[in-house]
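Q: For the sequence shown, the numbering used here gives the first residue as -3, with consecutive numbering after it.
Each residue gets a CB set at the ideal place from its N, CA and C atoms; glycine is no exception.
Quick caveat: nothing in here was measured; it's all calculated off a predicted structure.
Quick one: the structure is below, questions incoming.
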Amino acid sequence: MSVNFVKCNSVLITGASRGLGLQMIKHLVGISERPKKIIATARNPATAQELQQIAKSHAEVHIVPLDVVNDASIEAAVQKVSSIVGPAGLNCLINNAGIAITSDLNSETRDSMMTTFQCNTISPLFITKAFLPLLRAAAGGRTAAGLNMLTRSLAVDLQPDGILCTVVHPGWVQTDMGGKEAPLTPEESISSLLAVVSALSEKDHGQFLDYEGKNLPW
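What follows is the structure, given as structure tokens:
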């Protein structure tokens, strides 16, 4: 599948300092049909050396600080992104940021579970809510999230605004989270996933797709 973002003026990817988020940035800057503005967020941009190097050689890449569990950071990021995209708004939001805390029944704690839930489940909802005015300004934006029922709920709420909301599963990938035994390389996963995202249409609204665009059961 080919990736074509030529009609997409701007895309924002959370958690872009490493793993799949960084691979998305790498892939987008490597295609000719890329968005005019690629916004990469990172909790601590100063330590995201590889992302910084990409931004230095690609003027369309903008790095924005964002801690997805910090409301003040989210608000500041919205203001920064607004200044980048201007009145055209934000065309595509990809909620990618997430964490995985390795533990078992003996070592699991309430705090570790709540930290994971806060970052992986609650934050995407509030990130989408915060950037909704910019998505609405783009008149037909799209949001891809790594969540199930939350996305179904968002799909209902955002349908009147013409904003597509879809879950796209990246597969089991060889990253820090996925481990070396995973069958997919980041390049394989992201090249297919971005092709799916770039081809989303009304029929995909509220759906749960894999990285090849096939429907997955809820």
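Can you name the residues that DSSP bridges to I34?
A: V7, V57
Q: Round the Cβ separation of V264 and V77 to the nearest angstrom and send it over; I've been treating them as touching at under 8 Å.
A: What the structure shows of the chain is the stretch from -3 to 214, and residue 264 is not part of that stretch, so it cannot be assessed.
Q: Contact between the segment 108 to 117 and the segment 28 to 36: three or more CB pairs below 8 Å?
A: Segments in contact, no.
Q: Checking the sheet assignment: what are the DSSP bridge partners for D206?
A: H165
Q: Where DSSP assigns a beta bridge to C115, which residues make up the other side?
A: DSSP output for C115 lists no bridge partner at all.
Q: Enumerate in chain order the residues of its own chain whose CB-to-CB distance from F122 is below 7 Å, with the five nearest sequence positions on each side excluded.
A: I70
Q: Check this for me: beta carbons of T10 and N87, under 8 Å apart or not?
A: no
Q: Could you spell out the range, first to last residue, of the alpha helix (DSSP H) harbouring L190?
A: 182 to 194
Q: In terms of alpha-carbon separation, which member of G17, R14, L24, Q19 lies closest to D4?
A: Checking the displayed sequence, the identity of residue 4 turns out to be Cys instead of Asp. Nearest C-alpha to C4: L24.
Q: Under DSSP, the beta strand (DSSP E) around L89 begins and ends at which residues?
A: Here the beta strand (DSSP E) through L89 covers 88 to 91.
Q: Looking at the secondary structure, which residues open and close the alpha helix (DSSP H) in which D67 lies?
A: 67 to 81
Q: Using alpha carbons as the reference points, say which of H201, M173, H165 lies closest to G158.
A: H201
Q: For the candidate residues L190, K210, F204, whose alpha-carbon lies nearest to that of G17?
A: L190
Q: Can the beta-carbon of Q49 be found closer than 8 Å to that of E183?
A: no
Q: Taking only three categories from DSSP, how would you classify L160?
A: strand
Q: Which residue marks the beginning of the alpha helix (DSSP H) containing L16, and which one marks its end?
A: Where L16 is concerned, the enclosing alpha helix (DSSP H) stretches over 15 to 25.
Q: What number of angstroms, rounded off, separates the C-alpha of A133 from the C-alpha of E104?
A: 43 Å
Q: Please report the distance separating the alpha-carbon of T162 from that of I186.
A: Roughly 16 Å separates the two Cα atoms.
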